[in-house]
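One structure is given here, and the rest of the page talks about it.
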Amino acid sequence: MSVATVKIQDLGKDPQLGYHKYQFGGFKFERDMYFVRVTWPKGTQTIEVDRFLRAMVRDIGWGFFYGWIFFDDVFGTQNHYGTVDLFAGTYSKAHRDAGVDFLETFNSADVREAFETICKNWINEGYDPLRAPMETGSPLGPKTKEADGPLIRGFNPARRMMGLPGDTAPRSDSSGHPINRAFSDLTFDKPDIEAEPGFEDQVYAFNLYDHIARSDVTWNPSFTSITRACICCVTSEEHMLPVIHGNDRNEWFIQLTDEIHWNIQDKNTGSPRGRIVMKSGDVCAMPADIRHQGFSPRRSMLMVLENGTPGLQDRYAKGELEPFPITASRW
Ligand code: PHB
Ligand code: FE
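First residue of the sequence shown? That's 0 in numbering that gives the first Met the number 0, and the numbers climb one at a time after it.
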């Protein structure tokens, strides 16, 4: 499906603070020193600027991800893999009951361009929304100098076994990124590699913990291996997942170190459905009909597995597949 092209419009500069305001379809975006205001024909939502920017760079970097990305309980995006909905209050019962919810569908490329324009103008030098809050500057205050460099660092599929000739992953274990302060107590043994003669340049191994410990970003599944539809991301998590993710399919988590606390809510209403504390070694499946947000009190390592089979979201949406990967009665 495609929809009419919509371009983001610049509504001019705030004379005091220096940030630009924007209109994108029926949505207006403006920021001040502390907050972002998202306005639509029947309402306004105020979001802390840190939370908003951390959510927005991830939404762009992840290509709008699988299903829903909630910036907070009210505003977010839904990916239709070619088009993207921007919604406000659509998945909040109170907003729907009051008739102030709003949803508009755009081409993914137009949303990407709009979000990139906003982020570029609103992110100052010294603040990197992909880093843990304790490892970056503050986004608060008036506009200073625009940040440059890779503000948006999304999925980065390994095109070759990392470490072998042709490996383009910029943050492989040979990249020189230091071990993060939180993992300085770990020891990282190197694997023994015993290749048959003639295969020395085709066989390689590295210590995955060493690799993840060098990630300079957090809550960003940026190291990714993709084998057909099997998507495996390892991440380094500290503080909270800056978005609430609504699934359109199952996904699996394997807690590799430390712990993460997850809040699980009903996808359509936001009502609480459960809480999971995952400790090192725990495995869990997030069902296809929920939204979830993780909290990592210390920097931890997580493996996320997604099934990227095209059209899977429609089979779950129609009820053809059950929301759980395993149903107890089938055992
Ligand atoms: C998720 O929504 O499942 C998710 C997103 C980012 C992460 C980890 C998990 O870093
Ligand atoms: Fe998720």
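C-beta: ideal position from N, C-alpha, C; glycine also.
Note that the coordinates shown come from a computational prediction; the quantities given were computed from them, not determined experimentally.
Item                                                                                                                                                                   : Value
Only counting the same chain, and skipping five residues up and downstream in sequence, which positions put a Cβ closer than 6 Å to that of E237?                      : A131, T217, S295, R298
For ligand 1, which residues have a Cβ under 6 Å from at least one heavy atom, in chain order?                                                                         : W218, N219, P220, T234, E236, L240, H244, E250, L301, V303
Mapping the DSSP letters down to three states, classify Q44 as helix, strand or coil.                                                                                  : strand
Report buried or exposed for S235, applying the criterion of at least 16 other Cβ atoms within 10 angstroms of its Cβ.                                                 : buried
Taking DSSP as the reference, what is the three-state secondary structure of A131?                                                                                     : coil
At what residue ranges does the stretch 0 to 76 contain a whole run of the alpha helix (DSSP H), taking only runs of 4 or more?                                        : 48 to 60
Tell me, please, which residues DSSP counts as bridged to F86.                                                                                                         : G75, L102
Which residues bound the alpha helix (DSSP H) around H94?                                                                                                              : 92 to 97
Count the C-beta pairs between the stretch 54 to 73 and the stretch 240 to 257 that are closer than 8 Å, then say yes if the count reaches three, no if not.           : yes
What number of angstroms, rounded off, separates the C-alpha of Q22 from the C-alpha of M161?                                                                          : 42 Å
Just list the residues that DSSP pairs W121 with in beta bridges.                                                                                                      : DSSP output for W121 lists no bridge partner at all.
Quick one: residues in its chain with C-beta nearer than 6 Å to the C-beta of D100, no 5 flanking neighbours on either side, listed in chain order?                    : G88, T89, H94
Output needed for D166: all residues of its chain with C-beta closer than 6 Å, excluding positions within five of it in sequence on either side, in chain order.       : R159
Report the rounded CA-to-CA distance for A287 versus G310, giving the unit in angstroms.                                                                               : 14 Å
Determine the extent of the beta strand (DSSP E) in which H244 is found, giving its start and end residues.                                                            : 243 to 245
Report yes if the C-beta distance between Q292 and N262 is below 7 Å; otherwise report no.                                                                             : yes
Excluding the 5 residues flanking D281 on each side, which residues of the same chain have their C-beta closer than 6 Å to its C-beta?                                 : Q254
Return the first residue and the last residue of the beta strand (DSSP E) that I225 is part of.                                                                        : 222 to 226
Enumerate in chain order the residues of its own chain whose CB-to-CB distance from Q201 is below 6 Å, with the five nearest sequence positions on each side excluded. : none
Is A87 near ligand 3 - that is, is its Cβ less than 6 Å away from at least one heavy atom of it?                                                                       : In the structure on display, ligand 3 does not appear, and the ligands it does have are ligand 1 and ligand 2.
Which residue wins for smallest C-alpha separation from N123, given the options F114, E103, D147, T104?                                                                : D147
Grab me the residues of L52's own chain with a C-beta within less than 7 Å of its C-beta, minus the 5 sequence neighbours each way, in chain order.                    : C118, W121, I122, P128, P138
What does the alpha-carbon distance come out to for the pair I211 and P141?                                                                                            : 35 Å
Taking the alpha carbon of R314 as the reference point, which residue from I289, N106, D247 has its own alpha carbon closest?                                          : D247
Kindly indicate which residue of E258, H260, L150, M239 has the alpha-carbon position closest to the one of R50.                                                       : M239
May I have the straight-line CA-CA distance separating Y203 from E145, to the nearest angstrom?                                                                        : 41 Å
Do E103 and G25 count as a contact pair if the criterion is CB distance below 7 Å?                                                                                     : yes
Judging by CA-CA distance, which residue of I59, M55, G60, V83 is the nearest neighbour of D71?                                                                        : M55
Could you check where the beta strand (DSSP E) with I259 kicks off and where it finishes?                                                                              : 258 to 265
Starting from A284, trace the beta strand (DSSP E) both ways and give me its first and last residue.                                                                   : 282 to 285
Do T45 and F28 have their C-beta atoms closer together than 7 Å?                                                                                                       : no
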